[in-house]
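K.L.:
Structure incoming, see below.
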Amino acid sequence: MSAESHTPKASHKRKRIPSAAPAETEPQSAKRIRSGDSGAEATKPGSMAADSIYDIIVTIRIGESSENFYVHRGLLCQASSFFMQELTSSETIATDDDAHTIIMKDEDLETFRRFKNWLYSNQIITGSETYKDFTWSQIISVYAFAERRGIPRLQNHCIDTIIKKRREGGLFPGQVDVGNLWRLSGNVFRLRRLLLDMFSRQCNLTNAIANNGSYHAKFLQGLVQTLYQMKVEKSTDDGVDFWARRHQYYVEDAENPLMLD
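Sequential numbering of the sequence shown, starting at 75, is according to this note's numbering.
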């Protein structure tokens, strides 16, 4: 099992944009999309009017290299409570001719790149990637970023991605990735719960532990409890459809009700 280590950190600083050459191609400024009789909506994630989604383009500077990412403010506010607060406070409200910069030095470039890709295409895998090849460290990093920045739909998208990864034959996470997940300080219980259920029902635990050394103690404790509960309930590992029950691992998102097939 492959494993990559990534320890996410979170900090941010906001300031006005200086004149600088962009590190990434800026999206072409779009006219506001009119939506008939729709007026100004409440400023909550997921509730912005259609004509305000593609409004002002803001600059997000990521990492120590301060790489520039250009994103529509409305998309950020619609998806994230963090960006909603940052971009709609009295200090940052602007006209269409103004622009803003948010500096996030402690965020990972690749993680934010996937977040932006998801905003515009609803996918966190890019290019020729497959779900099977998408690494666990990347999934955990995106999930942790979404939890820190208040992006529940992205957290739930990561749950879908994990289930699709396993469907395509993707390996279980190794001890490094499991350890990183169990050391996260944020509210990542539902992702841990999904992995515990998958390990207990789909993984050859003898080989997994033998080939990967010692897993995180809290993970092993949770796994023992899960297996014991299965025994008490006389549950089996046969025929578990994680896709059909994926909503059990979703975080609550009142602004975007679940749409299950």
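C-beta atoms are modelled at their ideal positions from N, C-alpha and C, and glycine is treated no differently. Bear in mind that the values here come from a model prediction, so they are computed numbers and not experimental data.
#1: Could you give the C-beta distance for Phe263 and Leu297, rounded to a whole number, given that I count them as a contact under 8 Å?
#2: Could you tell me whether the Cβ atoms of Leu268 and Ile233 are closer together than 8 Å?
#3: Can you tell me where the beta strand (DSSP E) with Ala242 in it begins and where it stops?
#4: Does the Cβ-Cβ distance between Ala216 and Phe189 come in under 8 Å?
#5: Write down the C-beta distance between Ser69 and Gln249 rounded to the nearest angstrom, noting that I regard them as a contact closer than 8 Å.
#6: Who does His321 pair with in a DSSP beta bridge?
#7: Please report how far the alpha carbon of Arg319 lies from the alpha carbon of Asp129, in whole angstroms.
#8: Does Leu270 come within less than 8 Å of chain B when only Cβ atoms are used?
#9: Going by DSSP, what residues sit across from His146 in a beta bridge?
#10: Would you identify the three-state DSSP class for Ile221, choosing helix, strand or coil?
#11: Based on Cα-Cα distance, which residue from Asn142, Ile127 and Gln299 lies nearest to Leu271?
#12: Buried or exposed: Thr235, going by 16 or more other Cβ atoms within 10 Å of its Cβ?
#13: Exposed or buried, what is Arg325 when buried is set at 16 or more other beta-carbons lying within 10 Å of its beta-carbon?
#14: Which residues in the same chain have their Cβ closer than 6 Å to the Cβ of His290, if we skip the five residues on either side of it in sequence?
#15: If you draw a straight line from the alpha carbon of Ile131 to that of Arg222, how long is it in whole angstroms?
#16: Would you call Arg147 buried or exposed, if buried means 16 or more other Cβ atoms sit within 10 Å of its Cβ?
#17: With a threshold of 7 Å on Cβ separation, who are the neighbours of Gln229 within its own chain once the five nearest residues in sequence on each side are excluded?
P.N.:
In this structure, then:
#1: About 15 Å separates the two Cβ atoms, so there is no contact after all.
#2: yes
#3: Per the sequence presented here, residue 242 reads as Glu, with Ala not at that position. Premise fails: Glu242 is in no beta strand (DSSP E) and is neither H nor E.
#4: The amino acid occupying residue 216 in the given sequence is Val; Ala does not appear at that position. Their beta carbons are under 8 Å apart, which means Val216 touches Phe189 by this criterion.
#5: This structure leaves residue 69 out entirely; the chain is present only between 75 and 335.
#6: His321 is not bridged to any residue.
#7: 37 Å
#8: Looking at the structure shown, chain B is missing, and only one protein chain is on hand.
#9: Ile131
#10: The identity of residue 221 in the sequence shown is Glu, whereas the question assumes Ile. Three-state result, Glu221: helix.
#11: Per the sequence shown, residue 271 should be read as Asp rather than Leu. Of the candidates Asn142, Ile127 and Gln299, the one whose C-alpha sits nearest the C-alpha of Asp271 is Gln299.
#12: buried
#13: Inspection of the sequence shows that residue 325 is occupied by Val rather than by Arg. Buried: at least 16 other Cβ atoms inside 10 Å.
#14: Val252, Gly253 and Trp256
#15: 22 Å
#16: buried
#17: Tyr217, Ala220, Glu221 and Val325
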